[in-house]
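*Asks:*
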Amino acid sequence: RNAIRARMASGATATPRTSLGTITLGGELENSHVDDVSNFGPNLVDDQRSSRSLFVEDRAAIPVSPRSTFEVSAGMRWDDFDTFGSQTSPRVAAAWVSGSQKIHASFGQSFRAPSVGELFYPFLGNRDLQAERGNSVEIGYDRFLGRQGLASLTAFDNHFTELITFDPATGKTANIGEASARGLEFAAQGPVGGPFSASVSYTLLRTRQEGSRAPLLRRPRNSGSATIDYSRGDWQGVLSVSHNGSRTDFA
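The opening position of the sequence shown corresponds to residue 3 in my numbering, with each subsequent residue numbered one higher.
1. Between R114 and E134, how many whole angstroms is the CB-CB distance? I'm expecting something under 8 angstroms.
2. Could you spell out where the beta strand (DSSP E) holding F122 opens and where it closes?
3. Tell me which same chain residues have a C-beta within less than 6 angstroms of the C-beta of G191, skipping the five on either side of it?
4. Would you mind working out which of Y123, V94, S154 and Q150 sits nearest Y143, comparing C-alpha positions?
5. What does the alpha-carbon distance come out to for the pair F83 and R129?
6. How many angstroms separate the CA atom of S112 from the CA atom of S55?
7. Does the count of Cβ pairs from the segment 85-92 and the segment 61-72 closer than 8 angstroms reach three?
8. Name the one or two DSSP bridge partners that L22 has.
9. Tell me, which residues are paired with A228 by DSSP?
10. If I measure Cβ to Cβ from G127 and keep anything under 8 angstroms in the same chain, skipping five residues before and after, which residues do I get?
11. Can you look up I178 in the DSSP assignment and give me helix, strand or coil?
12. Since R223 and R208 should fall inside the 8 angstroms C-beta cutoff, what is the C-beta to C-beta distance between them, to a whole number of angstroms?
13. Would you call the CB atoms of S75 and S100 closer than 8 angstroms?
14. Check the C-beta distance from E30 over to A11 and give it rounded, since I have them as a contact under 8 angstroms.
15. I need the straight-line Cα distance from S21 to S199, nearest angstrom please.
16. Quick one, are the C-beta atoms of E212 and E164 less than 8 angstroms apart?
17. Counting along the chain, where does the beta strand (DSSP E) carrying F162 start and finish?
18. List the DSSP bridge partners of N128.
19. Tell whether a beta-carbon distance below 8 angstroms holds between H161 and G136.
20. Which residue or residues does DSSP assign as beta-bridge partners of L219?
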């Protein structure tokens with residue numbers, strides 16, 4: 003088998019500072035081609051997908067008192083695919099920073115077109131895939147610990163339409179309709195003495211397919227990690243341990 007993939011991408015970004023805040027704007031172009039030939043002949047001949055996108059975001063920090071700041075950001079992304087049409091995805095976020103504490107919240111919409119592999123990969127690809135769309139909400143609390151330490155707790159709720167995943171019933175990538183993923187994330191990091199620093203993280207996740215109410219495949223309910231870093235002069239080292247709990251796989 004001889005598989006050939008080609009991807010050409012270009013983009014530009016500008017970040018001017020204005021009286022309304024720091025604005026980031028830019029655009030991207032992408033064109034992907036794939037060919038696949040086996041001993042039995044060609045499976046794919048110059049299958050391709052092209053896309054273009056524009057994005058803009060404004061970030062501003064408004065002092066409220068000598069120790070408090072209100073941060074706000076708003077942005078929008080426009081994607082246009084030759085195979086899936088166009089979609090506009092907005093996002094807004096706000097945060098209140100007071101001393102060593104920060105409370106933040108955000109809402110956003112997402113759009114993900116199937117990748118070239120999900121569409122065209124032999125045996126697993128599915129040319130009938132639809133684009134995946136989603137809504138996400140987050141609210142969290144951060145606590146700054148000294149100059150280098152940070153602890154954070156974030157709750158999230160994501161809802162997907164036409165979620166793209168592997169379907170064991172057909173053996174191909176497929177859209178499974180509506181699904182949700184919600185949970186809590188905890189993370190902490192900081193120095194622990196001398197040349198050592200440490201970080202820990204933990205995620206509690208609950209997923210569900212809205213029709214069958216079954217959990218999504220290969221997404222553990224409990225996962226986490228712990229890392230110890232060493233840095234002194236030219237010597238650096240990292241020791242990391244991760245855990246992924248039990249998760250549903252193919253039935």
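All C-beta atoms in this analysis are idealised placements derived from N, C-alpha and C, irrespective of residue type, glycine included.
*Replies:* So, from the data block:
1. One-based indexing of the sequence shown puts residue 114 at position 112. One-based indexing of the sequence shown puts residue 134 at position 132. 4 angstroms between Cβ atoms; contact.
2. What you label residue 122 is simply residue 120 of the sequence shown in a count that begins at 1. Premise fails: F122 lies in the alpha helix (DSSP H), V118 to F122, not in any beta strand (DSSP E).
3. On the sequence shown, residue 191 is found 189 positions in, with the first residue counted as 1. For clarity, residue 191 is Gln in the given sequence; the question names Gly instead. The residues L152 and S201, in chain order, have a CB closer than 6 angstroms to that of Q191 in the same chain once the five nearest residues on each side in sequence are set aside.
4. Indexing the sequence shown from 1 puts residue 143 at position 141. Among Y123, V94, S154 and Q150, the Cα nearest to that of Y143 belongs to S154.
5. By one-based count along the sequence shown, residue 83 stands at place 81. By one-based count along the sequence shown, residue 129 stands at place 127. Looking at the two C-alpha atoms, the distance is approximately 14 angstroms.
6. The count along the sequence shown starts at 1 and reaches residue 112 at position 110. The count along the sequence shown starts at 1 and reaches residue 55 at position 53. Going by C-alpha positions, S112 is about 13 angstroms away from S55.
7. no
8. Looking up residue 22 in the sequence shown gives position 20. DSSP output for L22 lists no bridge partner at all.
9. Mapped onto the sequence shown, residue 228 falls at position 226. Paired residues: V202 and V243.
10. For the purposes of this step, residue 127 is taken as the residue at position 125 of the sequence shown. Counting only Cβ-Cβ distances below 8 angstroms, and skipping sequence neighbours, we find G119, E120, L121, K174 and T175.
11. As a position in the sequence shown, residue 178 is number 176, starting the count at 1. Residue state, collapsed to three classes: coil.
12. One-based indexing of the sequence shown puts residue 223 at position 221. One-based indexing of the sequence shown puts residue 208 at position 206. That pair is a contact at about 7 angstroms.
13. On the sequence shown, residue 75 is found 73 positions in, with the first residue counted as 1. On the sequence shown, residue 100 is found 98 positions in, with the first residue counted as 1. No, these two residues do not count as a Cβ contact at 8 angstroms.
14. If you number the sequence shown from 1, residue 30 lands on position 28. If you number the sequence shown from 1, residue 11 lands on position 9. Right, their Cβ atoms sit about 7 angstroms apart.
15. Position 19 of the sequence shown, counted from the first residue, corresponds to residue 21. Position 197 of the sequence shown, counted from the first residue, corresponds to residue 199. One C-alpha to the other measures close to 39 angstroms.
16. Within the sequence shown, residue 212 is the residue found at index 210, counting from 1. Within the sequence shown, residue 164 is the residue found at index 162, counting from 1. Contact: no.
17. What you label residue 162 is simply residue 160 of the sequence shown in a count that begins at 1. Per DSSP, the continuous beta strand (DSSP E) segment holding F162 begins and ends at G151 to T163.
18. Taking the first residue of the sequence shown as position 1, residue 128 is located at position 126. As far as DSSP is concerned, N128 takes part in no beta bridge.
19. Counting from 1 along the sequence shown, the entry for residue 161 is found at position 159. Counting from 1 along the sequence shown, the entry for residue 136 is found at position 134. Going by C-beta atoms, H161 is nearer than 8 angstroms to G136.
20. In the sequence shown, the residue the question calls residue 219 occupies position 217. Its beta-bridge partners do not exist; DSSP assigns none.
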